[in-house]
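Numbering follows full-length UniProt numbering, in which position 282 of the sequence shown is assigned residue number 282; successive positions increment by one, without gaps. What follows is a single structure, written as structure tokens, with notes after it.
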Amino acid sequence: MSIIKVFDQDFCKGLENVPVLREGNVSKEEYPAFQYSPENIQGPGCDIDPSEVTLPGCSCHAHSCLRESCSCLQTYGQTYRQTYDSHGRLQDQGDTETGYCRPVFECNALCGCSEACCNRVVQRGLGLKLCVYPTEDRGWGVRALEPIPCGTFVCEYAGEVIGFDEARRRQLAQGPEDNNYIIAVREHAGQGPVSETFVDPTVVGNVGRFLNHSCQPNLFMVPVRVHSLVPSLALFAGRDITPQEELTFDYSGGYSNMPSVERLVQSDPWTEASGTGTLQRKPCHCGAQNCSQFLPLDISVLNN
1 MSIIKVFDQD FCKGLENVPV LREGNVSKEE YPAFQYSPEN IQGPGCDIDP
51 SEVTLPGCSC HAHSCLRESC SCLQTYGQTY RQTYDSHGRL QDQGDTETGY
101 CRPVFECNAL CGCSEACCNR VVQRGLGLKL CVYPTEDRGW GVRALEPIPC
151 GTFVCEYAGE VIGFDEARRR QLAQGPEDNN YIIAVREHAG QGPVSETFVD
201 PTVVGNVGRF LNHSCQPNLF MVPVRVHSLV PSLALFAGRD ITPQEELTFD
251 YSGGYSNMPS VERLVQSDPW TEASGTGTLQ RKPCHCGAQN CSQFLPLDIS
301 VLNN
């Protein structure tokens, strides 16, 4: 049996811009079997191919877009300033009244601006040195190998994009010892309809699948649309992060004092009658002072 040395070869097999390292004396057979994909792929129940370019582009022909003239930023971005600063860091996206993040639409393949446009960040992919490692009591985890300033894009939570029925079927089929990787993103657009996106990186996913939950996380999630209506679930640093610090986000969608949000499996007559609506709550070992003692039943994020 081969043993992995500290900081072994690229975990993502060259599919990212920078290697994702594996840490610890762990046999290769002990790592979970899954197909690495840096981006979302179309799964059962998903009517839209995430790789297809479906969003219109801006008509800017400058090196970098400005809010005053860019249709992407004017229509979908901030109403008062750029989405990202000159270093590519996400500017304040929180709504002080609701605690939810604002939508982000980056320039895409149909835009006239250059590839160096400041409104192109998440689409450039992973740019930080990260490491997957075995924790003492929370399975696998991810830590930073370099300083990460607040607002920096860290990685996506990528996997199969599936429909609601398939997400429900997969979650209810899980046993007490199974990990739940399914994330449910519900976006509220004022008084309009609620759009839902379900991502499952269990079989096909990226480094984001190894991120642990924390009730006091250092990352927060924002749905970012680039080429498709299917959002990329982008994780940004909520504060300055030091080298060797574990990277975490709140599985319920909250950050700091922001409220947590809805659950995927709601109580309905079918689940109550069949008994399949019963989910086992798992203890939380994040160690935060405000720890809720239990992991959320699912993962959700709202975008207002």
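Built from N, CA and C at the ideal position, the CB exists for glycine as well.
Count the other CB atoms within 10 Å of the CB of residue i; is the residue buried (16 or more) or exposed (fewer)?
{"i": "residue 197", "result": "buried"}
{"i": "residue 187", "result": "buried"}
{"i": "residue 273", "result": "Unreliable positioning characterises residue 273 in this predicted model, as indicated by a pLDDT of 30, which lies under 50. The coordinate reading is nonetheless provided below. Under this definition residue 273 is an exposed residue."}
{"i": "residue 252", "result": "buried"}
{"i": "residue 167", "result": "buried"}
{"i": "residue 175", "result": "exposed"}
{"i": "residue 85", "result": "exposed"}
{"i": "residue 108", "result": "buried"}
{"i": "residue 200", "result": "buried"}
{"i": "residue 194", "result": "exposed"}
{"i": "residue 156", "result": "buried"}
{"i": "residue 184", "result": "buried"}
So the beta strand (DSSP E) residue i belongs to, where does it begin and stop?
{"i": "residue 53", "result": "Note, residue 53: premise wrong, no beta strand (DSSP E); not H, not E."}
{"i": "residue 21", "result": "20-22"}
In its own chain, which residues sit with a C-beta less than 8 Å from the C-beta of residue i, not counting the 5 before and 5 after it?
{"i": "residue 288", "result": "214, 215, 216"}
{"i": "residue 52", "result": "227, 228"}
{"i": "residue 82", "result": "66, 67, 73, 91, 118, 119"}
{"i": "residue 133", "result": "22, 23, 24, 140, 141, 142, 143"}
{"i": "residue 240", "result": "147, 148, 149, 150"}
{"i": "residue 19", "result": "9, 10, 11, 12, 129"}
{"i": "residue 34", "result": "201, 202, 203, 204, 205, 209"}
{"i": "residue 57", "result": "72, 107, 108, 109, 110, 111, 112"}
Between residue i and the rest of its own chain, which residues show a CB-CB distance below 7 Å, the 5 nearest in sequence each way excluded?
{"i": "residue 230", "result": "40, 48, 50, 161, 197"}
{"i": "residue 237", "result": "148, 149, 150, 151, 152, 154, 218, 219"}
{"i": "residue 36", "result": "12, 13, 15, 206"}
{"i": "residue 60", "result": "69, 70, 111, 112, 113"}
{"i": "residue 290", "result": "215, 216"}
{"i": "residue 116", "result": "63, 64"}
Report, in whole angstroms, the separation of the C-beta atoms of residue i and residue j, which I expect to be a contact under 8 Å.
{"i": "residue 125", "j": "residue 158", "result": "Actually they are not in contact, since the Cβ atoms of residue 125 and residue 158 sit about 10 Å apart, beyond 8 Å."}
{"i": "residue 123", "j": "residue 106", "result": "6 Å"}
{"i": "residue 127", "j": "residue 17", "result": "6 Å"}
{"i": "residue 163", "j": "residue 45", "result": "2 Å"}
{"i": "residue 235", "j": "residue 223", "result": "About 11 Å separates the two Cβ atoms, so there is no contact after all."}
{"i": "residue 55", "j": "residue 225", "result": "7 Å"}
Can you name, in chain order, every residue of its own chain whose Cβ lies under 6 Å from the Cβ of residue i, other than the five neighbours on each side?
{"i": "residue 212", "result": "138, 141, 248"}
{"i": "residue 250", "result": "217"}
{"i": "residue 131", "result": "21, 23, 143, 145"}
{"i": "residue 114", "result": "63"}
{"i": "residue 246", "result": "141, 143"}
{"i": "residue 374", "result": "For residue 374 there is no data in the structure shown, the boundaries of the chain being 1 and 304."}
Does the CB of residue i have a neighbour CB from chain D at under 8 Å?
{"i": "residue 131", "result": "Of the protein chains in the structure, only one exists, and it is not chain D."}
| said: Runs of 3 residues minimum, wholly inside the UniProt domain "SET" (128-252): which ones carry the beta strand (DSSP E) assignment? | reply: Given a length threshold of 3 residues, each whole run of the beta strand (DSSP E) inside the UniProt domain "SET" (128-252) is given here in chain order: 130-134, 140-144, 153-156, 159-162, 183-188, 194-205, 219-225, 232-237.
| Fully enclosed by the region 55-94, which alpha helix (DSSP H) runs are 4 residues long or longer? | As far as the region 55-94 is concerned, its whole alpha helix (DSSP H) runs of at least 4 residues are 71-76.
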